[in-house]
Amino acid sequence: DGKYAVTLIEGDGIGPEISQSVKDIFSAANVPIKWESVDVTPQLKDGKTVIPDEAIASVERNYVALKGPLATPVGKGHVSLNLTLRRTFNLFANVRPCKSIAGYKTPYDNVDTVLIRENTEGEYSGIEHVVVDGVVQSIKLITRDASERVLRFAYQYAMESGRNKVRAVHKATIMKMSDGLFLNTARDLSKEYPSVEFDAELLDNTCLKMVTDPVPYNDKVLVMPNLYGDILSDMCAGLIGGLGLTPSGNIGDECSIFEAVHGSAPDIAGKGLANPTALLLSSIMMLEHMGLREHAAKIQNAIFSVLAEGKTITGDLGGKAKTHEYADAVISRL
Ligand code: IPM
Ligand code: MN
Numbered sequence: 054d055g056k057y058a059v060t061l062i063e064g065d066g067i068g069p070e071i072s073q074s075v076k077d078i079f080s081a082a083n084v085p086i087k088w089e090s091v092d093v094t095p096q097l098k099d100g101k102t103v104i105p106d107e108a109i110a111s112v113e114r115n116y117v118a119l120k121g122p123l124a125t126p127v128g129k130g131h132v133s134l135n136l137t138l139r140r141t142f143n144l145f146a147n148v149r150p151c152k153s154i155a156g157y158k159t160p161y162d163n164v165d166t167v168l169i170r171e172n173t174e175g176e177y178s179g180i181e182h183v184v185v186d187g188v189v190q191s192i193k194l195i196t197r198d199a200s201e202r203v204l205r206f207a208y209q210y211a212m213e214s215g216r217n218k219v220r221a222v223h224k225a226t227i228m229k230m231s232d233g234l235f236l237n238t239a240r241d242l243s244k245e246y247p248s249v250e251f252d253a254e255l256l257d258n259t260c261l262k263m264v265t266d267p268v269p270y271n272d273k274v275l276v277m278p279n280l281y282g283d284i285l286s287d288m289c290a291g292l293i294g295g296l297g298l299t300p301s302g303n304i305g306d307e308c309s310i311f312e313a314v315h316g317s318a319p320d321i322a323g324k325g326l327a328n329p330t331a332l333l334l335s336s337i338m339m340l341e342h343m344g345l346r347e348h349a350a351k352i353q354n355a356i357f358s359v360l361a362e363g364k365t366i367t368g369d370l371g372g373k374a375k376t377h378e379y380a381d382a383v384i385s386r387l
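Reminder that position 316 of the sequence shown reads as 369 in UniProt numbering, one-by-one numbering, no gaps.
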């Protein structure tokens, strides 16, 4: 039927409600996509918790998925499902843009940052053990291969986006070996991308400078190891109003999963109060990734126009609109 099949992982808590907004807006905008909803609830198989085969097969078949929030347990228990998904499909680059939203006031104006996070290793390798009682080791695993893979992606992204500047963010003054490897790999690769300007900055200094004035970062692509990217991307989101307003894309060679980074908000789940903007902006990133640029632009303009007007916005942004009223307002502006 000429439509692209896309896997939909609605997620927990507010996931189904915000997914519904995406579905409604996409169908009103005649986006040529048919959704394939899958359940990723972990199942016990041979004593191990695994993602259901059907869910994996769906993503592998469709190459693209959109994902709502999945609750992550703290401390003991099974590995975060979010991480399992990234690992299962080898989604090595996590792209997190943060762009100021007209109409939503923050202490900053004109923020437009792009952060690329290594998405498979570092402190997220999950290698931890008790040495003796009261002493634990968590391994930060950095490999040249994974570093090179995400760094090449960043250089490529810099060329395609026209930013043309890559800045590696690191702490190689202290993590001499691990961050040193990442940084040296970045520096070596820069010779292969002569049209891209390369420099490096210490993570703590990046934080200080970004919260003071983020605008000088608007022409750069920041690239960094996993945990730094986790933390710094939340900070960037804070500059423009929080995780309810920022998209994210987990990119691999075969598959990609676009997701909202915010939590499942169990306190407001099922009440029709959730803000679907982050998932919507992630779905727009997904459309761009699929080459459906006109649909992406049309929906994005409609969203920004509703947010700029500020009348039909959800409670988290200081409005009174229900999730579906906001979605309807977007639809009316398509
Ligand atoms: C994120 C989240 C995840 C992470 C959690 C939910 C496992 O914070 O996508 O940034 O730590 O990567
Ligand atoms: Mn995070």
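For glycine and all other residues, C-beta sits at the position ideal for the given N, C-alpha and C. These figures come from a predicted structure and were not determined experimentally.
Open item on the list: Let me confirm a value: His223 is counted as buried when at least 16 other C-beta atoms fall within 10 Å, else exposed. Which label applies?
Closed with: Residue numbering aside, residue 223 sits at position 170 when the sequence shown is read from its first letter. His223 is buried by the Cβ-count criterion.
- [ ] Report yes if the C-beta of Thr125 is less than 6 Å from at least one heavy atom of the ligand IPM; otherwise report no.
- [x] Within the sequence shown, the letter at position 72 stands for residue 125. In terms of side-chain proximity, the C-beta atom of Thr125 is found nearer than 6 Å to a non-hydrogen atom of the ligand IPM.
Task: N-terminal and C-terminal residue of the alpha helix (DSSP H) that Val75 is part of - done: Within the sequence shown, numbered from 1, the residue matching residue 75 stands at position 22. Residues Gly68 to Ala81.
Task: For Met339, the first and last residue of its enclosing alpha helix (DSSP H) - done: Here residue 339 is taken as the residue at index 286 of the sequence shown, counted from 1. First-last of the alpha helix (DSSP H) with Met339: Thr330 to His342.
- [ ] Please classify Glu312: is it buried, with 16 or more other beta-carbons within 10 angstroms of its beta-carbon, or exposed?
- [x] Along the sequence shown, read from residue 1 onward, the residue named residue 312 stands at position 259. Per the 10 Å Cβ criterion, buried.
- [ ] Kindly identify the DSSP beta-bridge partner or partners of Pro150.
- [x] Here residue 150 is taken as the residue at index 97 of the sequence shown, counted from 1. Val167, per the DSSP bridge assignment.
TODO: Note the first and the last residue of the continuous alpha helix (DSSP H) segment covering Lys262.
DONE: Here residue 262 corresponds to residue number 209 of the sequence shown, with the count starting at 1. Note, Lys262: alpha helix (DSSP H), Leu256 to Thr265.
Open item on the list: Quick test of your reading: Gly64 and Pro122, contact by CB under 8 Å. State the CB separation rounded to the nearest angstrom.
Closed with: In the sequence shown, counting from the first residue as 1, residue 64 sits at position 11. In the sequence shown, counting from the first residue as 1, residue 122 sits at position 69. In this structure Gly64 touches Pro122 by the C-beta definition: roughly 5 Å separates them, less than 8 Å.
Task: Closer than 6 Å: Asn237 CB and nearest the ligand IPM heavy atom - done: As a first step, residue 237 is located in the sequence shown; it is residue number 184 there, counting from the start. It does not: the Cβ of Asn237 is nowhere closer than 6 Å to a heavy atom of the ligand IPM.
TODO: Could you tell me whether any non-hydrogen atom of the ligand IPM is closer than 6 Å to the CB of Val314?
DONE: Numbered from its first residue, the sequence shown carries residue 314 at position 261. Yes.
Open item on the list: Just checking Ser309 against the ligand IPM - is the residue's beta carbon closer than 6 Å to any of the ligand's heavy atoms?
Closed with: One-based indexing of the sequence shown puts residue 309 at position 256. Shortest gap from the CB of Ser309 to any heavy atom of the ligand IPM: 6 Å or more.
TODO: Could you tell me how far apart the beta carbons of Gly66 and Ala322 are, in whole angstroms, since I believe they sit closer than 8 Å?
DONE: Within the sequence shown, numbered from 1, the residue matching residue 66 stands at position 13. Within the sequence shown, numbered from 1, the residue matching residue 322 stands at position 269. With a Cβ gap of about 4 Å, Gly66 and Ala322 count as contacting.
- [ ] Taking Lys101 as the reference, give the member of Thr238, Val132, Thr173 and Ser80 with the closest Cα.
- [x] Here residue 101 refers to the residue found at position 48 when the sequence shown is read from its first residue. Closest by alpha carbon: Val132.
Open item on the list: Nearer than 6 Å: is that true of the beta carbon of Asn135 relative to any heavy atom of the ligand IPM?
Closed with: Position 82 of the sequence shown, counting from 1, holds the residue named residue 135. Asn135 has its CB nearer than 6 Å to a heavy atom of the ligand IPM.
Open item on the list: Per the DSSP calculation, Leu61 is bridged to which residue(s)?
Closed with: Within the sequence shown, the letter at position 8 stands for residue 61. Answer is Ser90 and Leu119.
- [ ] With DSSP as the reference, please indicate the residues paired to Asn303 in a beta bridge.
- [x] Counting from one through the sequence shown, the residue named residue 303 turns up at place 250. DSSP lists Asn147 and Ile310 as partners of Asn303.
TODO: Give every residue of the same chain whose Cβ lies closer than 8 Å to the Cβ of Arg140, excluding the five residues on either side of it in the sequence, and list them in chain order.
DONE: As a first step, residue 140 is located in the sequence shown; it is residue number 87 there, counting from the start. Correct list, in chain order: Thr173.
Open item on the list: Any heavy atom of the ligand MN inside 6 Å of the beta-carbon of Asp283?
Closed with: In the sequence shown, residue 283 corresponds to position 230, counting from 1. Indeed, a heavy atom of the ligand MN lies less than 6 Å from the Cβ.
Task: Per DSSP, cross-strand counterpart(s) of Ser191 - done: On the sequence shown, residue 191 is found 138 positions in, with the first residue counted as 1. Partner residues in the beta bridge of Ser191, as assigned by DSSP, are Glu181.
- [ ] Could you pull out every unbroken alpha helix (DSSP H) segment of at least 4 residues lying fully inside the stretch 202-274, listed in chain order?
- [x] Uninterrupted alpha helix (DSSP H) stretches at least 4 residues long and entirely within the stretch 202-274 occur at 231-243 and 256-265, given in chain order.
Open item on the list: According to DSSP, is Ala327 part of a helix, a strand, or is it coil?
Closed with: Taking the first residue of the sequence shown as 1, we reach residue 327 at position 274. Three-state result, Ala327: coil.
Task: Candidates Ala118, Ile384, Asn237 and Gly179: closest to Glu201 by CA position - done: Here residue 201 is taken as the residue at index 148 of the sequence shown, counted from 1. Put simply, of Ala118, Ile384, Asn237 and Gly179 the residue whose alpha carbon is nearest the alpha carbon of Glu201 is Asn237.
Open item on the list: Quick check on the DSSP output: the beta strand (DSSP E) that includes Val103 runs from which residue to which?
Closed with: The residue given as residue 103 occupies position 50 in the sequence shown. Judged by DSSP secondary structure, Val103 falls within the beta strand (DSSP E) whose first and last residues are Lys101 to Val103.
Open item on the list: Given a cut-off of 7 Å on the beta-carbon distance, is the pair His348 and Ala155 in contact?
Closed with: Taking the first residue of the sequence shown as position 1, residue 348 is located at position 295. Taking the first residue of the sequence shown as position 1, residue 155 is located at position 102. No, the pair does not count as a contact, with Cβ atoms beyond the cut-off.
Open item on the list: On a Cα-Cα basis, can you pick out the residue from Ala146, Asn354, Val359 and Gly302 that is closest to Met339?
Closed with: Mapped onto the sequence shown, residue 339 falls at position 286. It is Gly302.
TODO: Using beta-carbon positions only, say whether Tyr116 and Cys289 come within less than 7 Å of one another.
DONE: Position 63 of the sequence shown, counted from the first residue, corresponds to residue 116. Position 236 of the sequence shown, counted from the first residue, corresponds to residue 289. Not in contact: Tyr116 and Cys289 (Cβ atoms no closer than 7 Å).
TODO: Starting from the Cα of Leu119, find the closest Cα among Ile337, Gly371 and Ser231 and give me that residue.
DONE: Here residue 119 refers to the residue found at position 66 of the sequence shown. For the residues Ile337, Gly371 and Ser231, the minimum Cα distance to Leu119 belongs to Ile337.
Task: Local Cβ density within 10 Å of Gly297, reported as buried at 16 or more and exposed below that - done: Counting from one through the sequence shown, the residue named residue 297 turns up at place 244. Note on Gly297: 16 or more other CB atoms within 10 angstroms of its CB, so buried under the neighbour-count rule.
Task: Contact check, Val274 vs Arg216, beta carbons under 7 Å - done: As a first step, residue 274 is located in the sequence shown; it is residue number 221 there, counting from the start. As a first step, residue 216 is located in the sequence shown; it is residue number 163 there, counting from the start. Yes.
Open item on the list: Would residue 17 and Ile293 qualify as a contact pair, given that the criterion is a beta-carbon distance under 7 Å?
Closed with: With the chain covering only 54 through 387, there is no way to say anything about residue 17.
Open item on the list: Need the endpoints of the beta strand (DSSP E) that Lys158 sits in, please.
Closed with: The residue labelled residue 158 in the question sits at position 105 within the sequence shown. Here Lys158 belongs to no beta strand (DSSP E), and DSSP marks it neither H nor E.
TODO: State buried or exposed for Met230, treating a residue as buried only when at least 16 other CB atoms are found within 10 Å of its CB.
DONE: For this step, residue 230 is matched to residue 177 along the sequence shown. Classification for Met230: exposed.
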